[in-house]
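Enquirer:
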Amino acid sequence: MKLLIISTSQRPDSQSAKVGRYIAESSFSSPHAMGYASIHHLELCQFNLPFWDGEEGNKGEHWPEIEQSVDEADALVLITPEWGGMASPLLKNFLLMCTREETAHKPALLISVSSGIGGTYPIVEVKMNALKNNKLVPIPDHLIIRNVSNVLNAVSEGARDIALRERVQYSLYMLHQYAQALAPIRQQHAGQAYPKQQEYCYGM
17 MKLLIISTSQ RPDSQSAKVG RYIAESSFSS PHAMGYASIH HLELCQFNLP
67 FWDGEEGNKG EHWPEIEQSV DEADALVLIT PEWGGMASPL LKNFLLMCTR
117 EETAHKPALL ISVSSGIGGT YPIVEVKMNA LKNNKLVPIP DHLIIRNVSN
167 VLNAVSEGAR DIALRERVQY SLYMLHQYAQ ALAPIRQQHA GQAYPKQQEY
217 CYGM
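Start counting at 1 in the sequence shown, then tack on 16, and there's your number in our numbering.
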């Protein structure tokens, strides 16, 4: 199985990317999160993605590389900063570009990052209106990482940081469980599509 971690801050060297790197490294080292043949971290701001206009041919020169990574993944971690109570525009643009061919019936761990005590609204926003047509399956164990500059750094900094690291490992473990459980659904759809699948291709 393959894990894809996508950090979606529009700033280089962001706290979201720091969280993505931590998850990638801890997934390799933790016995509870093992089981992936590969773990890949994409920092979307490093790619030249256009503001998508809805045309399939207008996703930019870097989209085929990103699309291949998403298509090959069995589970995704989506990390967004909170900007003004909203998810990153880069994340929403990315999710619009994704199609159900790459993402349907794959579990996603949603992570919101806040420099303060916020972080709730991006999770609600993404669950409400960003997963309808691409048919990603958000697992219940989302994460909200508050005061992010003080946690998940190179050196653990106190009881809160230790507790957060343990919660991250639990969430990654559950993500892997969902990936295993949903794999047969994707395999079945690849071999024999449900008769009404095209008619009901859009979510409600």
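Yeah, the Cβ is synthetic: ideal placement off N, Cα and C, and Gly gets one too.
Return the Cβ separation of Y137 and E77 in integer angstroms, given the expectation that the two are a contact with Cβ distance under 8 Å.
Expert: Mapped onto the sequence shown, residue 137 falls at position 121. Mapped onto the sequence shown, residue 77 falls at position 61. That pair is no contact at about 33 Å.
Enquirer: Should the segment 59-70 be called in touch with the segment 117-128, which here means at least 3 C-beta pairs below 8 Å?
Expert: Touching, no.
Enquirer: Looking at C-alpha atoms only, which residue of H56, C114, R37, S131 is the closest neighbour of G100?
Expert: Counting from 1 along the sequence shown, the entry for residue 100 is found at position 84. Nearest of H56, C114, R37, S131 to G100, Cα basis: S131.
Enquirer: Within its chain, find whatever has a CB closer than 6 Å to the CB of L94; leave out the 5 residues flanking it on each side and keep chain order.
Expert: Counting from one through the sequence shown, the residue named residue 94 turns up at place 78. Same-chain partners within the cutoff: I22, A124, L126.
Enquirer: Quick test of the definition: if touching needs 3 or more C-beta pairs under 8 Å, does the segment 66-85 touch the segment 106-121?
Expert: Short answer: they touch.
Enquirer: I need the straight-line Cα distance from L92 to K122, nearest angstrom please.
Expert: Within the sequence shown, residue 92 is the residue found at index 76, counting from 1. Within the sequence shown, residue 122 is the residue found at index 106, counting from 1. Going from the Cα of L92 to the Cα of K122 covers about 7 Å.
Enquirer: Alpha carbon to alpha carbon, how far is T119 from K148?
Expert: Here the question's residue 119 lines up with position 103 in the sequence shown. Here the question's residue 148 lines up with position 132 in the sequence shown. Computed Cα separation, rounded: 11 Å.
Enquirer: Please determine, among N163, M102, A179, the residue with the shortest C-alpha to C-alpha distance to E141.
Expert: Residue numbering aside, residue 141 sits at position 125 when the sequence shown is read from its first letter. Among N163, M102, A179, the Cα nearest to that of E141 is on M102.
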